[in-house]
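Numbered continuously in the UniProt record's numbering, the sequence shown closes out at residue 245. Glycine included, C-beta positions come from ideal geometry on N, C-alpha and C. All remarks here apply to the structure that follows.
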Amino acid sequence: MSKPRPAGSRRKGARELLPEDLQAFSQGLGHHFREPDLLTEAVTHASTDGGRSYERLEFLGDRVLGLLVADMLYRRFVAEPEGALAKRYAALVREDTLAQVAHALNLGSHLRLSPSVADGGGRDNPAILADSCEALLGALYLDGGLAAVRPLVERFWQPLLEADLKPPQDNKTALQEWAQGRGLPLPNYREVGRSGSAHEPVFAVRVSIDGQEAADGSGRSKRAAEQAAAGELLERLRGTVEPEA
1 MSKPRPAGSR
11 RKGARELLPE
21 DLQAFSQGLG
31 HHFREPDLLT
41 EAVTHASTDG
51 GRSYERLEFL
61 GDRVLGLLVA
71 DMLYRRFVAE
81 PEGALAKRYA
91 ALVREDTLAQ
101 VAHALNLGSH
111 LRLSPSVADG
121 GGRDNPAILA
131 DSCEALLGAL
141 YLDGGLAAVR
151 PLVERFWQPL
161 LEADLKPPQD
171 NKTALQEWAQ
181 GRGLPLPNYR
191 EVGRSGSAHE
201 PVFAVRVSID
211 GQEAADGSGR
221 SKRAAEQAAA
231 GELLERLRGT
241 VEPEA
């Protein structure tokens with residue numbers, strides 16, 4: 001287990017006091033930051049002028065969350081093979097789950113964003129919320145080790161873990177099995193657009209299956225966009241009653 005760093009060991013110039021809103025936010029987390037600038041960094045978007053953004057903390061927090069979620073799954077589902085655990089894991093660490101937790105924490109209201117990003121809906125942007133949520137976990141880890149992160153992860157991820165006792169199936173796999181079960185060719189995915197900045201691109205993907213109307217999806221990676229498109233088509237297919245043979 002990583003040991004908490006002594007106050008002031010991270011770098012010189014650490015802020016001694018948090019802004020009022022972050023002081024209240026820290027209290028809600030149940031953690032007193034020895035290095036307050038870690039929390040400020042965790043809520044600072046790259047669009048702001050000067051200072052550090054949350055990107056490095058996001059990188060670290062992603063790995064910290066992965067370790068704790070994997071540990072929770074390993075201990076909770078003792079009879080499941082690796083494949084089933086992997087499906088559960090993917091569902092618990094994906095972007096929309098992180099954004100859901102960020103919403104529950106009201107993290108968006110504390111984000112430091114440029115005016116243009118804020119005016120463009122940045123405080124409710126799932127990608128930004130997910131990234132800053134991971135950064136928050138990274139900040140907690142650096143400030144207090146796993147002991148500081150685990151209570152927060154257990155508080156928000158344990159209910160999600162218990163919500164569905166069947167291993168989830170990702171949309172692309174489910175759509176592929178739907179097509180194969182009907183003797184159809186595999187779904188075809190095609191990128192149809194790209195928007196956003198070079199720093200935060202948003203991909204648009206279209207999926208098609210023989211005999212069905214194509215469906216579109218978007219995401220900040222091609223894989224996420226493919227999953228979204230597959231989910232859209234699956235929802236439509238599941239709402240269609242097939243004729244009896």
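**OP:** Give me the Cα-Cα distance between G121 and A225, rounded to the nearest whole angstrom.
**Re:** Computed Cα separation, rounded: 20 Å.
Original post:
At which residues does the alpha helix (DSSP H) containing S26 begin and terminate?
Top reply: Run containing S26: 20-29, per the alpha helix (DSSP H) assignment.
**OP:** Return the CA-CA distance between G61 and H199, expressed in angstroms with no decimal places.
**Re:** Counting only the Cα atoms, H199 lies some 19 Å from G61.
Original post:
How is R15 classed by DSSP in three states: helix, strand or coil?
Top reply: With a pLDDT of only 42 at R15, under the threshold of 50, the placement of this residue in the model should not be trusted; the figure read from the coordinates follows. Reduced to three states, the DSSP call for R15 is coil.
**OP:** Figure out for me which residue from W178, P115, Q169 has the closest Cα to the Cα of R88.
**Re:** Taking only the C-alpha atoms, the option nearest R88 is Q169.
Original post:
Does DSSP classify P159 as helix, strand or coil?
Top reply: If DSSP states are grouped into helix, strand and coil, P159 belongs with the helices.
Original post:
Looking at A130 and A90, is the spacing between their C-beta atoms short of 8 Å?
Top reply: Taking 8 Å as the Cβ cut-off, A90 and A130 do not qualify as a contacting pair.
Subject >> Proximity of G30 and P115 at Cβ, strictly below 8 Å >> reply: Cβ distance not < 8 Å, so G30 and P115 don't count as in contact.
Subject >> As assigned by DSSP and simplified to three states, the class of S218 >> reply: Residue state, collapsed to three classes: strand.
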